[in-house]
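Accompanying notes for the structure given below.
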Amino acid sequence: MSSNIRIASLNLFNFAMPPLAFHEFNNIYTQGQWQQKCDWIARWLQQAQPDLVGWQEVFSPEPLRELCQAAGLAHFALVDSPVIEGFIARKSVVALASRFPIVSLAAVALDAELAFSLGLKDEFQSSRQILRATLMLPGIGHCDTYVVHFKSPRNKLPKGAVELQGAAGLLAESALGRWSAALQRGSEAMLLYQAILKRRRQSDNAVVLMGDFNAGIDSSELKGLLVGAGQLYNGDIRAAGLHGLPDERLKLQLAHFQLLDAWQLWREVSEPACGQVTVTRPVTHFHGSQGSVVDYLLLSQEFDARSQHSLAEVVDYRVYDKHLLRPQFEQDAQASDHTPILAEVRLRHP
1 MSSNIRIASL NLFNFAMPPL AFHEFNNIYT QGQWQQKCDW IARWLQQAQP
51 DLVGWQEVFS PEPLRELCQA AGLAHFALVD SPVIEGFIAR KSVVALASRF
101 PIVSLAAVAL DAELAFSLGL KDEFQSSRQI LRATLMLPGI GHCDTYVVHF
151 KSPRNKLPKG AVELQGAAGL LAESALGRWS AALQRGSEAM LLYQAILKRR
201 RQSDNAVVLM GDFNAGIDSS ELKGLLVGAG QLYNGDIRAA GLHGLPDERL
251 KLQLAHFQLL DAWQLWREVS EPACGQVTVT RPVTHFHGSQ GSVVDYLLLS
301 QEFDARSQHS LAEVVDYRVY DKHLLRPQFE QDAQASDHTP ILAEVRLRHP
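Sequential numbering of the sequence shown, starting at 1, is according to the UniProt record's numbering.
Written out as structure tokens, the structure reads:
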């Protein structure tokens, strides 16, 4: 059996077992539709054979737990409960399933004082609880695994906040609402990044961050997740007391805390091997006919083959998009509007 580790993430798109409705009272799967959805997930699990999966849009955790256990993912974790009013599920949660033991589990607490210093409200919270599970991964050791579902681009303005009416009001609400959502999403991401750095300094554990980011990693609100030596100002380096370090030593210290895009790590391995100049990144989500990349796997330097501290390397990265590009109605009618994504890592010393 392969000693490689397969890390995956999937937004399930309204995983709500009937008679539960999702968001609106008339959004209820028939029993046949629900079975189609469960069968689609089970087929993907059988095909992909992931060792750990971060799930998003979970309204019904127990049926998902059963699907995971049937696929050999014996360890299942939540840090929150879905918000359900009557029979209507209003707010989903994230979950984690793993073949490997979960050593500890926590909801990530964002720094309230730091949030206030950023101009946010005292009671600022992430739109969904962020899951952190410490796993015991073979060949890696303790690994802090985070599952997120950042704020969606949907309008976050309260009704009546814009005084304009008609077309002008519609445009103003759309523009301001999207900006409000971006502020929420970016604040969640950057406060989480600070929490990851703090935890990394305390534990020295490897890091996996995965989920539906609801925006591109190069967007203004999220690009800080991949900040590195090339994006730092000399004045900031001096203020941190690190200006006396040789460049290479500074890069090594920064690399210990940096997060890296698993797709980019795979490209570092795959493109030289196959002689390609570039590999086009597949989209992971469709809104109508518009595709975008919003689902990500970010890893610490333990998974970077270029690092002297590397314990593993990303040897494959897959985006399972057949159900979106070439759907078969009988199988894919209740599939997700996102693609599962999966990074396969090979241990350097299995």
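The beta-carbon is built from N, C-alpha and C at its ideal position, and this holds for glycine as well.
Residue state for alanine 89 is assigned as strand, using DSSP reduced to three classes.
Just so you know, the alpha carbons of phenylalanine 257 and alanine 215 end up roughly 23 Å apart. Nearest to aspartate 212 by C-alpha distance, out of Val293, Ser98, Ser117 and Val83, is Val293. When the five nearest sequence neighbours on each side are left out, the beta carbons in the same chain lying within less than 7 Å of the beta carbon of phenylalanine 87 are those of Pro19, Leu20 and Ala21, in order along the chain. Residues Met190 of the same chain have their beta carbon placed closer than 6 Å to that of glycine 224, with the five preceding and five following residues left out of the count. For glycine 291, the beta-bridge partners assigned by DSSP are Phe286.
Of the residues His243, Phe25 and Asn234, the one whose Cα lies closest to the Cα of alanine 89 is Phe25. Under the three-state reduction of DSSP, arginine 318 is assigned to strand. Under the Cβ criterion (8 Å, minimum of three pairs), the region 40-55 counts as touching the region 93-109. A direct Cα-Cα distance of roughly 20 Å separates aspartate 304 from aspartate 295.
Each residue's CA atom was taken as its position, placing valine 319 and isoleucine 41 some 15 Å apart. Within the same chain, and ignoring the five residues on either side of alanine 335 in sequence, the residues whose Cβ sits closer than 6 Å to its Cβ are Trp40 and His323. Between glycine 291 and valine 279, the C-beta gap is not smaller than 7 Å, which leaves the two residues out of contact. Counting only runs of 4 or more residues that sit fully inside the region 32-102, the alpha helix (DSSP H) segments are 61-70, in chain order. By the Cβ rule, the region 151-159 counts as touching the region 168-181, because three or more pairs are nearer than 8 Å. Burial is judged here by how many other beta carbons sit within 10 angstroms of a residue's own beta carbon; glutamate 123 has fewer than 16 and is exposed. The residue from Val162, Leu197 and Ala172 with its alpha-carbon nearest to that of leucine 209 is Leu197.
Between the C-alpha atoms of glycine 241 and leucine 252 there is a straight-line separation of about 15 Å.
Beta-carbon to beta-carbon, valine 345 and isoleucine 7 are separated by about 7 Å, close enough to satisfy the 8 Å threshold.
Beta-bridge partners of alanine 312 (DSSP): Leu347. Per DSSP, reduced to three states, the secondary structure at aspartate 261 is strand. Residue range 131-137 is occupied by the beta strand (DSSP E) that includes arginine 132. Per DSSP, the beta-bridge partners of aspartate 144 are Thr134 and Val207.
Around histidine 349, the same chain offers Gly139 as residues with beta carbons nearer than 7 Å, after the five sequence neighbours per side are excluded.
Membership of isoleucine 237 in any beta strand (DSSP E) is not indicated; the residue belongs instead to the alpha helix (DSSP H) covering 234-239. The three-state reading of DSSP puts histidine 243 in coil, since its state is none of H, G, I, E or B. DSSP, reduced to helix, strand and coil, places histidine 23 outside both helices and strands of the structure shown, so it counts as coil. Each of Gln36, Ala343, Asp144 and Gln328 was checked against the Cα of arginine 267, and the nearest Cα belongs to Ala343. Its Cα nearest to that of leucine 325, the residue His285 stands out among His285, Ser300, Leu299 and His309.
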